[in-house]
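Following: one structure in structure tokens, then a few remarks.
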Amino acid sequence: MKKFAQKFLIYSMGYFYLVAGVNHFNSPDFYLPLIPPFFSKPELINILSGVAEILLGLGVLYLPTRKRAAWGIFGMLICFIPSHVYFIQVGSCIEGVLCAPEWMGWLRLLLFHPILLYWAFWVSKNDSLKN
18 MKKFAQKFLI YSMGYFYLVA GVNHFNSPDF YLPLIPPFFS KPELINILSG
68 VAEILLGLGV LYLPTRKRAA WGIFGMLICF IPSHVYFIQV GSCIEGVLCA
118 PEWMGWLRLL LFHPILLYWA FWVSKNDSLK N
């Protein structure tokens, strides 16, 4: 059962980021307002984020690139922190895109984001688990 759970966590991560990356292209109007205004070229940032999530998600699914892809996801998540902070600064509400109670913005930053970081770290350390 342990091996099944490990495989599930690894493949879930790959598919999670693959789907998230594709969503950057399917719903750019959702992501663009979440990019802090002090970053120039939000369209380019959205495209690069989507491409990175797709490539890293696929990389996690492929054993020879799993460790590097997991570390890439870890780094990418670090790069996403300004977006989470910006969302809190605007009161966790971007009109017409996403409005949530402010505590949910904090929960996302202080609980869910560290879980995603740990998940990427865990996968990087369990990269040799055979497909």
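For the sequence shown, my numbering gives the first residue as 18, with consecutive numbering after it.
C-beta atoms are modelled at their ideal positions from N, C-alpha and C, and glycine is treated no differently.
Nothing here was measured: the structure is a model prediction, and the numbers come from that model.
**OP:** Would you kindly work out how many angstroms separate the C-alpha atoms of glutamate 2 and leucine 51, rounded to a whole number?
**Re:** What is shown of the chain runs 18 to 148, which leaves residue 2 out entirely.
Subject >> Buried/exposed call for valine 140, threshold 16 Cβ in 10 Å >> reply: In the sequence shown, residue 140 corresponds to position 123, counting from 1. Burial call: buried.
Original post:
Can you tell me where the alpha helix (DSSP H) with valine 102 in it begins and where it stops?
Top reply: Walking along the sequence shown from the start, residue 102 turns up at place 85. Run containing valine 102: 98-106, per the alpha helix (DSSP H) assignment.
Subject >> Bridge partners - leucine 115, DSSP secondary structure assignment >> reply: Counting from one through the sequence shown, the residue named residue 115 turns up at place 98. Paired residues: Ile111.
Subject >> Bounding residues of the alpha helix (DSSP H) (the contiguous stretch that carries isoleucine 62) >> reply: Numbered from its first residue, the sequence shown carries residue 62 at position 45. Segment 59-78, the alpha helix (DSSP H) holding isoleucine 62.
Original post:
Got a sec, what are the start and stop residues for the alpha helix (DSSP H) phenylalanine 47 sits in?
Top reply: In the sequence shown, the residue the question calls residue 47 occupies position 30. In the DSSP assignment, phenylalanine 47 falls within the alpha helix (DSSP H) that extends over 45-48.
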